[in-house]
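Sequential numbering from 1 applies to the sequence shown in UniProt numbering. All residues carry an ideal CB built from backbone N, CA and C; glycine is no exception. Being a predicted model, the structure only gives us computed values, none of them experimental. Quick notes on the structure that follows.
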Amino acid sequence: MSHQADKIETLPMTRKEFEIALRAKGNFYHTQHPYQIAMYEGRCTPEQIKGWVANRFYYQISIPVKDAAIMANCPDRDARRQWVQRILDHDGYEGAEGGIEAWLRLGESVGLTREEILSEEHVLPGVRFAVDAYINFARRANWKEAASSSLTELFAPTIHQNRLDTWPTHYPWIKAEGYQYFRNRLTEARRDVEHGLTITLDHYTTREQQDRMLEILQFKLDILWSMLDSMTMAYELNRPPYHTVTDQRVYHRGLSV
C-alpha cells in the first residue's frame, strides 16, 4: 500500500492540475500581508505610504535587470523576442515613458522628491537583500526556471485593481496622476502571465520538475513577503535598522552584490 502511494506521489500532475497548483500559491501572495491590508483599508499614514513607494522603487528598477539576465541565458530567439517587451515596459522607449518613470511620478504624487527616490536613501537593507536575491537567482538559474519565477504575475492584476479601487478614497492627498503605473500593469501583467505560464506548463513535465517549480514560486513569494516585513519593522513598529543607536539612514547603498 505504501509503495503504491509513493508511486502515485511521483506521477506528474496533468497540465491542468499543475496550473491549479500554481494558482493555489496565490494564497501566499503579499496581498495577504498586514501591511498591504492596511493600505487597502486606509489605515496607513503618509509616512508608511511614502516608505512603501520608496522601497518598492528598488524592486521596480531591478525588474528589467532581472529580465535582461533571463534573456542573456536564453538561447530561444522566439522566447527572447517576447520577453524583451517586459524590459521595454519598465525602461520605456520612444513614445512610452515606461514603468520606472510612472513609478517616479507615483513617488512625487505621494510627496517624495524624484531626487530622494533615485538616491535610494530610503531603501531598507532587508528590502535590498530580498531584491538582490531575486536578481542573482535570475542570473544563475536555467532561463526557464528564472522565467517561471515571474509567475507571481498570476496574482498581480488583483493587487493593482485593489489600489485603484481604494486608494483615491482613503488617501485623497495622493495626486491622481500617480496612479498610472497601476493602470498600465492591469494590461501588461495579464499579457506577461500568458507567456510565462505557457513556458512553465510546457517545460515542467515530470513530478520532480513540477515540485521544484512550486518551490521556485514560493521563493518569489518569500521575497515579496520579506520586503513587507522589513517595511513593517521600519514604518509600523518604528524600528528601522540601527534605531537603537541612530535616527540616521546609515544603511548601505550602491553596492552590487
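Tell me residue i's beta-bridge partners as DSSP assigns them.
| i | result |
| --- | --- |
| residue 93 | 96 |
In three-state DSSP terms, what is residue i?
| i | result |
| --- | --- |
| residue 240 | coil |
| residue 264 | Lying before the first or after the last residue shown, residue 264 is absent from the chain, which here runs from 1 to 257. |
| residue 22 | helix |
| residue 73 | coil |
| residue 88 | helix |
| residue 41 | coil |
| residue 51 | helix |
| residue 275 | Limits of the chain in this structure are 1 at one end and 257 at the other, which puts residue 275 out of reach. |
| residue 81 | helix |
| residue 251 | coil |
| residue 245 | coil |
So residue i packs on residue j, CB below 8 Å; how close in whole Å?
| i | j | result |
| --- | --- | --- |
| residue 137 | residue 130 | At roughly 11 Å, the Cβ-Cβ gap does not stay under 8 Å, so residue 137 and residue 130 are not in contact. |
| residue 125 | residue 252 | 7 Å |
| residue 206 | residue 12 | 5 Å |
| residue 335 | residue 155 | With the chain covering only 1 through 257, there is no way to say anything about residue 335. |
| residue 112 | residue 54 | 6 Å |
| residue 100 | residue 83 | In fact, because the Cβ distance is near 18 Å, the residues do not count as touching under 8 Å. |
| residue 51 | residue 235 | 4 Å |
| residue 80 | residue 74 | 5 Å |
| residue 148 | residue 199 | 6 Å |
| residue 227 | residue 110 | 18 Å between Cβ atoms; not a contact. |
| residue 31 | residue 135 | No, residue 31 and residue 135 are not in contact; Cβ-Cβ is about 23 Å, not under 8 Å. |
| residue 308 | residue 239 | The displayed coordinates of the chain run from 1 to 257. Any statement about residue 308 would go beyond what the structure contains. |
With a threshold of 9 Å between beta-carbons, can residue i be considered close to chain B, or not?
| i | result |
| --- | --- |
| residue 195 | In the structure shown, chain B does not exist; there is a single protein chain. |
Residue i: beta carbon under 8 Å from a heavy atom of the ligand FAD?
| i | result |
| --- | --- |
| residue 133 | By its list of ligands, the structure shown contains no ligand whatsoever, and the ligand FAD lies outside what it can speak to. |
The stretch 189 to 205 in contact with the stretch 105 to 121 per 3-pair CB rule at 8 Å = no
Let me know the alpha helix (DSSP H) ranges lying completely inside the stretch 98 to 134, each 4 residues or longer, listed in chain order.
-> 99 to 109 and 114 to 119
Go through the stretch 141 to 228 residue by residue and report every complete run of the alpha helix (DSSP H) that reaches 4 residues or more, in order.
-> 143 to 148, 156 to 170 and 180 to 203
For the stretch 178 to 186 against the stretch 215 to 222, are there 3 or more C-beta pairs whose distance is under 8 Å?
-> no
Could you tell me whether the stretch 157 to 169 touches the stretch 38 to 54, using the rule of 3 or more Cβ pairs below 8 Å?
-> yes
Taking contact to mean at least 3 C-beta pairs separated by less than 8 Å, is the stretch 218 to 237 in contact with the stretch 42 to 60?
-> Taking 8 Å as the limit for Cβ pairs, the verdict is that the stretch 42 to 60 does touch the stretch 218 to 237.
For the stretch 78 to 90 against the stretch 17 to 27, are there 3 or more C-beta pairs whose distance is under 8 Å?
-> no
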